[in-house]
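>
Residue numbers (this note's numbering), protein chains in the order written: chain A, 1 to 156; chain B, 1001 to 1282.
1. Note down, one range per segment and in chain order, each alpha helix (DSSP H) of at least 4 residues found wholly within the region 1097-1174 of chain B.
2. Report yes or no: is there a C-beta of chain B within less than 8 Å of the C-beta of residue 48 of chain A?
3. If I'm right that residue 1071 of chain B touches residue 1087 of chain B with Cβ under 8 Å, what's the distance once you round it to whole angstroms?
4. Where do the ends of the beta strand (DSSP E) carrying residue 124 of chain A lie?
5. Along chain B, which residues have their Cβ under 7 Å away from the Cβ of residue 111 of chain A?
6. Is the separation between the beta-carbon of residue 1208 of chain B and that of residue 1196 of chain B shorter than 8 Å?
7. Please list, in chain order, the chain A residues whose beta carbon lies closer than 8 Å to that of residue 1053 of chain B.
8. Assuming residue 37 of chain A and residue 1039 of chain B make a contact with CB atoms under 8 Å, what is their CB distance in whole Å?
9. CB-CB under 7 Å to residue 52 of chain A, same chain, minus the five flanking residues each way: which ones, in chain order?
10. What separation, rounded to the nearest whole angstrom, lies between the Cα atoms of residue 154 of chain A and residue 81 of chain A?
11. Locate the beta strand (DSSP E) running through residue 1197 of chain B, then write down its first and last residues.
12. Taking the continuous beta strand (DSSP E) assigned at residue 1205 of chain B, which residues delimit it?
13. Note down, in chain order, each residue of its chain lying with its Cβ closer than 7 Å to the Cβ of residue 1248 of chain B, except the 5 sequence neighbours on either side.
14. Within the same chain, show all residues whose beta-carbon is closer than 8 Å to that of residue 1361 of chain B, passing over the 5 residues directly before and after it, in chain order.
15. Just the Cα atoms here: how many angstroms apart are residue 1191 of chain B and residue 1262 of chain B?
16. Hey, how far is the Cα of residue 141 of chain A from the Cα of residue 85 of chain A?
17. Determine which residues share a DSSP beta bridge with residue 1071 of chain B and list them.
18. Taking the C-alpha atoms as reference points, what is the distance between residue 1213 of chain B and residue 1101 of chain B?
19. Need the endpoints of the beta strand (DSSP E) that residue 1008 of chain B sits in, please.
20. Just how far apart, CA to CA, sit residue 47 of chain A and residue 1186 of chain B?
21. For the region 1093-1123 of chain B, which residues have a beta carbon sitting closer than 8 Å to at least one beta carbon of chain A?
22. Please look up how many angstroms separate the CB atoms of residue 1202 of chain B and residue 1233 of chain B, rounded, as I've assumed it's under 8 Å.
23. Would you give the residue range spanned by the beta strand (DSSP E) that residue 1251 of chain B belongs to?
24. Would you check if there are 3 or more beta carbon pairs closer than 8 Å linking the region 1146-1166 of chain B to the region 1223-1233 of chain B?
25. Along chain A, in chain order, which residues have C-beta atoms closer than 8 Å to that of residue 1045 of chain B?
26. Is residue 949 of chain B near residue 1127 of chain B, with beta carbons less than 8 Å apart?
27. In whole angstroms, give me the CA-to-CA distance for residue 1019 of chain B and residue 1170 of chain B.
28. Establish whether the CB of residue 141 of chain A and some CB of chain B are separated by less than 8 Å.
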């Protein structure tokens, strides 16, 4: 079926099966490989994207559900000032090691900061509860987001 | 390949439900996992699909003096954000899944999935929630405890759609919720307990204790509840062990990948004891 939606600020029209996962649409049909497949069951957050501004796991969204909606992946988000703030925070704190989970964590951080620009440490931990990282032990990512909120003060 | 239906209105959805053999797809957080295939291959849904999660008619939370009415497509996140709803009812919901799951998962989906481990269910049983079921013929309203008939099974007919849940609007002197899972986020419950009580002049005026993941459906034993109601707190204190033994007999968990029978029984009884001693008696 034909599906029209807005992807990273551009109107996109694709012809896909209704139950194809948004994850596969983004990676295979549209070559957006920042969206990673980790667990494929909504537990790891590596495939996180923003869906009308909300954080979702793209492995759980059928293509038909994105019709008329707005999707943002890291490829689109990286052009923003907010991304620069998160990038700096992550660099300062060593929040990235292998990097596989990082696109998901960056978008989880954006979803958190856009609803709560000044989160406490506990709120940051709650905000990234759906994202798994096997390298850092999480502390550096929590620190990175806390640093990003200072770097990007006023942006959210 | 299966066909899909993407109705524009609820009445169109009910017509489709009547005229076709379809599976209802709401938020998708269960179905997309249950029927997933390999990377790059569409989800292998077993029959034609009726999508309803986008219907605006099902997306509202309405509150009147006696009821809270939750539409079928209301997500956990929408429920949590609604400042009109009591915080006590939000405790079970905020522990479900993760941020991203709560953005798509729905309370009605949790009911229709009818998992013994469904995390909204102990609360909905305790609050005497009702399920509104519609078809082209009209609507019927059933108690949630009658609606769910076993693990994964409900009394929903092939031409019907659950459109709303009704929670009687009432405040309780005590509410209690504990979920035991392997980790804090994205954990399916091993055991959960949601309880409420009202106390008037040191006497139990009302008590409801609901246990999740410890039987084919949520366990709520009205017989034990009515033998606790009207007791003085001092009498309850003396009789706690007897009531716990009564609950222990009714708790019938199984061994599975997440936990064992013996652990679940023990923890469920401990949680009921905690509720009675720390919340009710004080």
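Every residue gets a Cβ at the ideal spot worked out from N, C-alpha and C, and that includes glycine.
Well, looking at it:
1. With a minimum length of 4 residues, the continuous alpha helix (DSSP H) runs that stay inside the region 1097-1174 of chain B are 1099-1104, 1107-1113, 1121-1126, 1144-1147.
2. Working through the first chain from its first residue, we reach residue 48 of chain A at position 48. At least one CB atom of chain B sits nearer than 8 Å to the CB of residue 48 of chain A.
3. The residue labelled residue 1071 of chain B in the question sits at position 71 within the second chain. The residue labelled residue 1087 of chain B in the question sits at position 87 within the second chain. Their Cβ separation, rounded to whole angstroms, is 21 Å, which puts residue 1071 of chain B and residue 1087 of chain B out of contact at 8 Å.
4. For the purposes of this step, residue 124 of chain A is taken as the residue at position 124 of the first chain. No beta strand (DSSP E) holds residue 124 of chain A; the alpha helix (DSSP H) holding it covers 121-127.
5. Translated into positions along the first chain, residue 111 of chain A becomes position 111. Residues of chain B with a Cβ closer than 7 Å to the Cβ of residue 111 of chain A are, in chain order, 1099.
6. What you label residue 1208 of chain B is simply residue 208 of the second chain in a count that begins at 1. What you label residue 1196 of chain B is simply residue 196 of the second chain in a count that begins at 1. The Cβ atoms of residue 1208 of chain B and residue 1196 of chain B lie closer than 8 Å to each other.
7. In the second chain, the residue the question calls residue 1053 of chain B occupies position 53. Residues of chain A with a Cβ closer than 8 Å to the Cβ of residue 1053 of chain B are, in chain order, 65.
8. Within the first chain, residue 37 of chain A is the residue found at index 37, counting from 1. Within the second chain, residue 1039 of chain B is the residue found at index 39, counting from 1. Indeed they touch by this definition, with Cβ atoms about 6 Å apart.
9. As a working mapping, residue 52 of chain A is identified with position 52 in the first chain. For residue 52 of chain A, where only same-chain residues beyond five positions count, the Cβ hits under 7 Å are 69, 70.
10. Taking the first chain and counting its residues from 1, the one referred to as residue 154 of chain A is at position 154. Taking the first chain and counting its residues from 1, the one referred to as residue 81 of chain A is at position 81. C-alpha of residue 154 of chain A to C-alpha of residue 81 of chain A: approximately 11 Å in a straight line.
11. Within the second chain, the letter at position 197 stands for residue 1197 of chain B. Unbroken beta strand (DSSP E) run through residue 1197 of chain B: 1191-1200.
12. Start at 1 with the first residue of the second chain, and residue 1205 of chain B comes out as number 205. Per DSSP, residue 1205 of chain B is one residue of the beta strand (DSSP E) stretching across 1203-1212.
13. The residue given as residue 1248 of chain B occupies position 248 in the second chain. Answer for residue 1248 of chain B: 1265, 1269, listed in chain order.
14. Since the first residue of chain B shown is 1001 and the last is 1282, residue 1361 of chain B is not available in this structure.
15. Counted from its first residue, the second chain places residue 1191 of chain B at position 191. Counted from its first residue, the second chain places residue 1262 of chain B at position 262. Spanning the two alpha carbons is a distance of roughly 12 Å.
16. Locating residue 141 of chain A in the first chain gives position 141, where the first residue counts as 1. Locating residue 85 of chain A in the first chain gives position 85, where the first residue counts as 1. The straight-line gap from Cα to Cα measures roughly 14 Å.
17. Locating residue 1071 of chain B in the second chain gives position 71, where the first residue counts as 1. Bridge pairing for residue 1071 of chain B: B:1164 [DSSP].
18. Start at 1 with the first residue of the second chain, and residue 1213 of chain B comes out as number 213. Start at 1 with the first residue of the second chain, and residue 1101 of chain B comes out as number 101. Distance between the alpha carbons of residue 1213 of chain B and residue 1101 of chain B: 20 Å.
19. Walking along the second chain from the start, residue 1008 of chain B turns up at place 8. Note, residue 1008 of chain B: premise wrong, no beta strand (DSSP E); not H, not E.
20. In the first chain, counting from the first residue as 1, residue 47 of chain A sits at position 47. In the second chain, counting from the first residue as 1, residue 1186 of chain B sits at position 186. One C-alpha to the other measures close to 15 Å.
21. Result list: 1097, 1098, 1099, 1100, 1101, 1103, 1104.
22. Indexing the second chain from 1 puts residue 1202 of chain B at position 202. Indexing the second chain from 1 puts residue 1233 of chain B at position 233. Yes, residue 1202 of chain B and residue 1233 of chain B are in contact; Cβ-Cβ is about 5 Å, under 8 Å.
23. The residue given as residue 1251 of chain B occupies position 251 in the second chain. It is not in any beta strand (DSSP E) - residue 1251 of chain B carries neither H nor E in the DSSP assignment.
24. Result no; under three Cβ-Cβ pairs closer than 8 Å.
25. Within the second chain, residue 1045 of chain B is the residue found at index 45, counting from 1. Chain A residues near residue 1045 of chain B: 19.
26. Residue 949 of chain B is absent from the structure shown; chain B starts at 1001 and stops at 1282.
27. Stepping through the second chain from its first residue, residue 1019 of chain B is reached at position 19. Stepping through the second chain from its first residue, residue 1170 of chain B is reached at position 170. Rounded to the nearest whole angstrom, the CA to CA distance from residue 1019 of chain B to residue 1170 of chain B is 40 Å.
28. Looking up residue 141 of chain A in the first chain gives position 141. For residue 141 of chain A, not one C-beta of chain B is nearer than 8 Å to its own C-beta.
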